[in-house]
Amino acid sequence: MSFITGVGLTPYGKHEGASSLDLMSKAAQAALDDAGLKRAEIDGILCGYSTVSPHIMLATVFAEHFGIRPAYAHAVQVGGATGLAMTMLAHHLVEAGLARHVLVVAGENRLTGQSRDASIQALAQVGHPDYEVPLGPTIPAYYGLVATRYMHEYSVTEEDLAEFAVLMRKHACTHPGAQFHDPITVADVMASKPVAMPLKLLDCCPVSDGGAAFIVSGERTGEAGVRIRGCAQAHTHQHVTAAPGLSELGAEISIARAKEATGLAISDVRYAAIYDSFTITLAMLLEDLGLAGRGEAAARVRSGHFNRDGAMPLNTHGGLLSYGHCGVGGAMAHLVETHLQMTGRAANRQVRDASIALLHGDGGVLSSHVSMFLERVR
Amino acid sequence: MSERLGDWTKGEQAITYQTCAACRHVQYFHRAFCAACGVSDPHEERASGKGRVYAISLVCRAATPETRAHVPYNILLVDCDEGFRLMAHGETGLAIGDSVTASFRLFAGKLVPFFTKEA
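Each protein sequence line maps, in turn, to chains W and F. Everything in the first sequence is counted per our numbering, starting at 1 for the first residue and increasing by one. Everything in the second sequence is counted per our numbering, starting at 1001 for the first residue and increasing by one.
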């Protein structure tokens, strides 16, 4: 059995002068404090990567900097799926008895540490170096391609996609740590600058500075019990050129495996934390995971289904689209928020029941998927 | 191993693909082996340059000075008649499902495939 015993999250946005290590340290300290653990009790460290300060041994760089001599440590790189992939590994390390308390941490000064062009350019390199990158695509273009196809096959409109941006912004407005606090409308999204059509600026997550961390432990360290019930992955391709058809993408495979591993069904889920790098990502994943029927996710947004007080509260912190996206830490904020919801600490954002949560992360261009169920135990 | 044919990634006006002699798997990204069955030395051929548009995105925000000079530019995924998919550029106004034919253009100093609607 494994538990998430502590979480830490910085505000996302600008942290002038803070390095990636600074942001990782801040989040890690908050997670330790939350778990009531001391540095010496941490015997495992898993960390993400930093595009601003790349290093071949980031976990030990961080361990030395933060002051931990772990028995197990290394970095993990699966793009946007990294946070949940690390959590899954920590879960298995703890279950195998290889570690008692694993610190999972990521942070990056992606907004102030480099130019926005440098950031966009660095990320575009997930494309194929010979067959894709010379064509000048960007990450929004990779997802723009997926979006036009999805819209074509399932009669989804740009206005439908805009609904997801509006919802994430509405949620971010209630979180003091979110990067954006100005409400937006569908018309605002439609009128925002074209980036890679059909995706416009407000369909895209921002670039942020920030850090996130949590501790995965073999036993509870306090009253709150948030247990990792089970998780699974699927990896079908790296490059969008080599992606399978829309009906064969990895999210459907990983959720099927996670359901099998846990014996849980989508009807058991009370809270959803779903990767939302772009509006199309969120729309597709909700439908791939079975949280909405094909082509019906936008209608569910409009009907309030995914609101804080709806039947399936979704990314109540504002998600990548509006809380912010600092790289690996980006989607870890989804897990931190889920933990706060499950332990009744989400203040004005608190949902009625978050007893079972579904988390899903996606890396690359819908290339790598991790699905995870968390369960509150009393 | 047979000699590699020149293609647009090497500056030649051609699109190439590979077919496995053992399992008939077709692949676009060049490899010394078949990614489906592992048999080495798949047969390499020039593609006809004909296909249908699978997906489109019009790039309006580019990340480098060289590519910014070209915005907006249309990026496509094209399903080629020979059974592989490739990423390319295309004329504006194309729609998913359109039959298209490849030509080649310079983009940011390199030759890239450029698809136009079949007349």
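No residue lacks a Cβ here, since even glycine has one placed at the ideal position from N, Cα and C. Source: prediction; values computed, not measured.
Rounded distance between the beta-carbons of V189/W and A165/W, thought under 8 angstroms: By one-based count along the first sequence, residue 165/W stands at place 165. By one-based count along the first sequence, residue 189/W stands at place 189. That pair is a contact at about 5 angstroms.
Interface residues of chain W facing S1103/F [CB-CB closer than 8 angstroms]: Against the second sequence, residue 1103/F aligns to sequence position 103. By Cβ distance, chain W contributes nothing, its closest Cβ being about 15 angstroms from S1103/F, past 8 angstroms.
Length-filtered (3 minimum) beta strand (DSSP E) runs lying within the stretch 1078-1118 of chain F: 1085-1090, 1099-1107 and 1110-1117
Interface partners of Y1028/F on chain W, CB under 9 angstroms: Here the question's residue 1028/F lines up with position 28 in the second sequence. What Y1028/F touches in chain W: Y131, T241 and A242.
8 angstroms Cβ cut-off: residues of chain F touching Q121/W: Taking the first residue of the first sequence as position 1, residue 121/W is located at position 121. Those are A1063 and T1064, listed as they occur along chain F.
Euclidean distance between Cα positions of H152/W and I1096/F: In the first sequence, residue 152/W corresponds to position 152, counting from 1. In the second sequence, residue 1096/F corresponds to position 96, counting from 1. One C-alpha to the other measures close to 8 angstroms.
Chain F within 7 angstroms of V195/W, Cβ atoms only: Along the first sequence, one-based indexing puts residue 195/W at 195. Yes, contact with chain F.
Euclidean distance between Cα positions of M332/W and A1035/F: By 1-based counting over the first sequence, the position of residue 332/W is 332. By 1-based counting over the second sequence, the position of residue 1035/F is 35. Their Cα atoms are separated by approximately 34 angstroms.
Reference L1077/F, options L58/W, G144/W and F3/W, closest by Cα: The sequence position of residue 1077/F within the second sequence is 77, counting from 1. Minimum Cα distance to L1077/F is reached at G144/W.
Inter-residue CB distance, R1061/F and T343/W (contact presumed, cutoff 8 angstroms): Walking along the second sequence from the start, residue 1061/F turns up at place 61. Walking along the first sequence from the start, residue 343/W turns up at place 343. Actually they are not in contact, since the Cβ atoms of R1061/F and T343/W sit about 40 angstroms apart, beyond 8 angstroms.
Bridge partner(s) assigned by DSSP for L9/W: On the first sequence, position 9 is the one that residue 9/W refers to. According to DSSP, which records beta bridges pairwise, L9/W is partnered with A212/W.
Min CB distance V1112/F to chain W below 7 angstroms: As a first step, residue 1112/F is located in the second sequence; it is residue number 112 there, counting from the start. Judged by the 7 angstroms Cβ criterion, V1112/F is in contact with chain W.
Contact set between T148/W and chain F, taken where Cβ atoms lie within less than 8 angstroms: One-based indexing of the first sequence puts residue 148/W at position 148. Here the neighbours are A1055, I1056, S1057 and I1096.
Interface partners of C1060/F on chain W, CB under 7 angstroms: Position 60 of the second sequence holds residue 1060/F. Here the neighbours are P194, V195, A196 and M197.
Buried versus exposed, by CB contacts within 10 Å (16 or more), I1043/F: Here residue 1043/F is taken as the residue at index 43 of the second sequence, counted from 1. It should be noted that the sequence gives His, not Ile, for residue 1043/F. Counting Cβ neighbours within 10 Å, H1043/F comes out exposed, since fewer than 16 surround it.
Nonlocal neighbours in the same chain, by C-beta distance under 7 angstroms from V351/W, ignoring five residues either side: Reading the first sequence from its first residue, position 351 is the one you call residue 351/W. Result list for V351/W: Y271, R308, P313, T316 and Q341, in chain order.
Opening and closing residue of the beta strand (DSSP E) in which S1057/F lies: To locate residue 1057/F, count along the second sequence from 1; it is residue 57. Here the beta strand (DSSP E) through S1057/F covers K1050 to V1059.
C-alpha gap between R345/W and A187/W, whole angstroms: For the purposes of this step, residue 345/W is taken as the residue at position 345 of the first sequence. For the purposes of this step, residue 187/W is taken as the residue at position 187 of the first sequence. For R345/W and A187/W, the distance between alpha carbons rounds to 34 angstroms.
Contact list for L1106/F against chain W, beta-carbon separation under 7 angstroms: Locating residue 1106/F in the second sequence gives position 106, where the first residue counts as 1. Within 7 angstroms Cβ-Cβ: nothing; L1106/F doesn't reach chain W, min ~11 angstroms.
Chain F residues whose Cβ lies nearer than 7 angstroms to that of P54/W: For the purposes of this step, residue 54/W is taken as residue 54 along the first sequence, with counting starting at 1. Ordered by position in chain F, no residue passes the 7 angstroms Cβ test against P54/W, which lies about 18 angstroms from the chain.
8 angstroms Cβ cut-off: residues of chain F touching G48/W: Translated into the one-based positions of the first sequence, residue 48/W becomes position 48. Ordered by position in chain F, no residue passes the 8 angstroms Cβ test against G48/W, which lies about 22 angstroms from the chain.
Neighbouring residues, chain F, relative to G144/W (Cβ below 7 angstroms): Residue numbering aside, residue 144/W sits at position 144 when the first sequence is read from its first letter. Under the 7 angstroms cutoff, chain F gives S1057.
C-alpha distance - Y142/W paired with G250/W, whole-angstrom precision: Taking the first residue of the first sequence as 1, we reach residue 142/W at position 142. Taking the first residue of the first sequence as 1, we reach residue 250/W at position 250. About 16 angstroms.
Where F180/W falls: helix, strand or coil (DSSP): Start at 1 with the first residue of the first sequence, and residue 180/W comes out as number 180. Coil, per DSSP.
T138/W: contacting residues in chain C (beta-carbon distance under 8 angstroms): Absent from the structure is chain C; the protein chains it does hold are W and F.
Closer than 8 angstroms at the beta carbon, the chain F residues around P206/W: Position 206 of the first sequence, counted from the start, is the residue given in the question as residue 206/W. Per Cβ cutoff of 8 angstroms: no residues; P206/W is ~13 angstroms from chain F at best.
Sequence-distant residues of its chain with Cβ nearer than 6 angstroms to C1080/F (five each side left out): Here residue 1080/F corresponds to residue number 80 of the second sequence, with the count starting at 1. The answer, listed in chain order, is A1047 and G1051.
Under 7 angstroms between C-beta atoms of A232/W and S254/W: Within the first sequence, residue 232/W is the residue found at index 232, counting from 1. Within the first sequence, residue 254/W is the residue found at index 254, counting from 1. In contact: A232/W and S254/W (Cβ atoms closer than 7 angstroms).
Buried versus exposed call for A96/W [16 or more other C-beta atoms within 10 Å across all chains shown]: Indexing the first sequence from 1 puts residue 96/W at position 96. Per the 10 Å Cβ criterion, exposed.
Residues that T1009/F contacts on chain W, provided the C-beta gap is smaller than 8 angstroms: Mapped onto the second sequence, residue 1009/F falls at position 9. Per Cβ cutoff of 8 angstroms: D130, Y131 and P134.
Test item: CB-CB of G218/W and R349/W under 7 angstroms: Position 218 of the first sequence holds residue 218/W. Position 349 of the first sequence holds residue 349/W. In this structure, R349/W does not lie closer than 7 angstroms to G218/W by Cβ.
Paired residues, beta bridge with N1074/F - DSSP: By one-based count along the second sequence, residue 1074/F stands at place 74. BP columns for N1074/F point to L1058/F and G1090/F.
Check whether V269/W and L366/W have beta carbons under 7 angstroms apart: As a working mapping, residue 269/W is identified with position 269 in the first sequence. As a working mapping, residue 366/W is identified with position 366 in the first sequence. Cβ atoms of V269/W and L366/W: not closer than 7 angstroms.
Within-7 angstroms CB hit, L1005/F to chain W: If you number the second sequence from 1, residue 1005/F lands on position 5. Chain W, which has no Cβ nearer than 7 angstroms to the Cβ of L1005/F, makes this no.
8 angstroms Cβ cut-off: residues of chain F touching D117/W: Counting from one through the first sequence, the residue named residue 117/W turns up at place 117. Per Cβ cutoff of 8 angstroms: A1063 and T1064.
Residues that DSSP places opposite G107/W in a beta bridge: On the first sequence, residue 107/W is found 107 positions in, with the first residue counted as 1. BP columns for G107/W point to G211/W.
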